[in-house]
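Each remark here refers to the structure printed beneath this line.
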Amino acid sequence: RKEVEQDPGPFNVPEGATVAFNCTYSNSASQSFFWYRQDCRKEPKLLMSVYSSGNEDGRFTAQLNRASQYISLLIRDSKLSDSATYLCVVNLPGDSNYQLIWGAGTKLIIKP
Amino acid sequence: DAMVIQNPRYQVTQFGKPVTLSCSQTLNHNVMYWYQQKSSQAPKLLFHYYDKDFNNEADTPDNFQSRRPNTSFCFLDIRSPGLGDAAMYLCATSRDLTETYEQYFGPGTRLTVT
Numbered sequence: 029r030k031e032v033e034q035d036p037g038p039f040n041v042p043e044g045a046t047v048a049f050n051c052t053y054s055n056s057a058s059q060s061f062f063w064y065r066q067d068c069r070k071e072p073k074l075l076m077s078v079y080s081s082g083n084e085d086g087r088f089t090a091q092l093n094r095a096s097q098y099i100s101l102l103i104r105d106s107k108l109s110d111s112a113t114y115l116c117v118v119n120l121p122g123d124s125n126y127q128l129i130w131g132a133g134t135k136l137i138i139k140p
Numbered sequence: 335d336a337m338v339i340q341n342p343r344y345q346v347t348q349f350g351k352p353v354t355l356s357c358s359q360t361l362n363h364n365v366m367y368w369y370q371q372k373s374s375q376a377p378k379l380l381f382h383y384y385d386k387d388f389n390n391e392a393d394t395p396d397n398f399q400s401r402r403p404n405t406s407f408c409f410l411d412i413r414s415p416g417l418g419d420a421a422m423y424l425c426a427t428s429r430d431l432t433e434t435y436e437q438y439f440g441p442g443t444r445l446t447v448t
């Protein structure tokens, strides 16, 4: 089982719709969780952190479910510019606290 | 603007011919990372420098080496590139090891091996 798993997609969504996708992680001791966004053939950029209480930033909402070991990202009123790959990232505790475990990403395509 | 710069953006090398990729940063961050990313895959950490301390990931092939002559620059040397080394190579920085979650990436160098 992969440490961080994501549905690769693509998710094809009409503009203006709401879309959500999940990411599961295997290490129950994982401490921190993040969503990065990566545009086609570009570098990843931090989108938002995922806090235990949930985190909302404009049209984006990230949530953490520790019991089921997954995080989610919800995008409301999707825009064409939201088309990208969304990478789930988990920070492990302990001696390897520098290490981020990356998912392979979920590809999102917003259609006009 | 403070940033992470990678040169070249595209690099073509021949099978077995050594190649060096470069990364520079104006953020004055302590940590610099090198990742390999293949199509539709997660970025794979190769190694990182915390200041001058080099940390190699256990599964990084010996074929990959790195140098950090000063705070601003970091190089990735591939001694004998194979066809399987064709990938995007991403350089990233973070302020410190306690802030690894917020990494600033360069635009990447896409390596082709012929």
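As you go down the protein sequences, you meet chains X and R in turn. According to our numbering, the first sequence is numbered sequentially starting from 29. According to our numbering, the second sequence is numbered sequentially starting from 335. For each residue, glycine too, the CB sits at the ideal point set by N, CA and C. Remember, predicted model here, so these are calculated numbers, not experimental data.
**Report entry** Candidates X:Pro140, X:Gly133, X:Lys139, of which the one nearest R:Gln371 by Cα
**Finding:** X:Gly133
Report task. Note the first and the last residue of the continuous beta strand (DSSP E) segment covering R:His382. Result -> 378-384
**Report entry** Partners in chain X for R:Thr427, counting only beta-carbon separations shorter than 9 Å
**Finding:** Per Cβ cutoff of 9 Å: no residues; R:Thr427 is ~12 Å from chain X at best.
Query raised in the report: Alpha carbon to alpha carbon, what distance is there between X:Phe49 and X:Ile138?
Result: 14 Å
**Report entry** Where X:Ser77 meets chain R, residues with beta-carbon distance less than 8 Å
**Finding:** Tyr435
Query - Cβ pair count under 8 Å reaching 3, the segment 80-88 of chain X against the segment 30-37 of chain X - result: no
Query raised in the report: Taking the continuous beta strand (DSSP E) assigned at X:Gln66, which residues delimit it?
Result: 60-66
Query raised in the report: Whose CA, out of R:Phe388, R:Ala421, R:Asp393, lies closest to the CA of R:Ser400?
Result: R:Phe388
Query raised in the report: Any idea what DSSP makes of R:Thr434, helix, strand or coil?
Result: coil
**Report entry** Rounded separation between R:Gly440 and R:Leu361 - CA only
**Finding:** 12 Å
**Report entry** Span separating the alpha-carbon of R:Ala420 from that of R:Thr446
**Finding:** 5 Å
Query raised in the report: Are the segment 350-365 of chain R and the segment 405-424 of chain R touching, with three or more C-beta to C-beta distances below 8 Å?
Result: yes
Query - C-beta neighbour in chain X for R:Leu417, strict 7 Å - result: no
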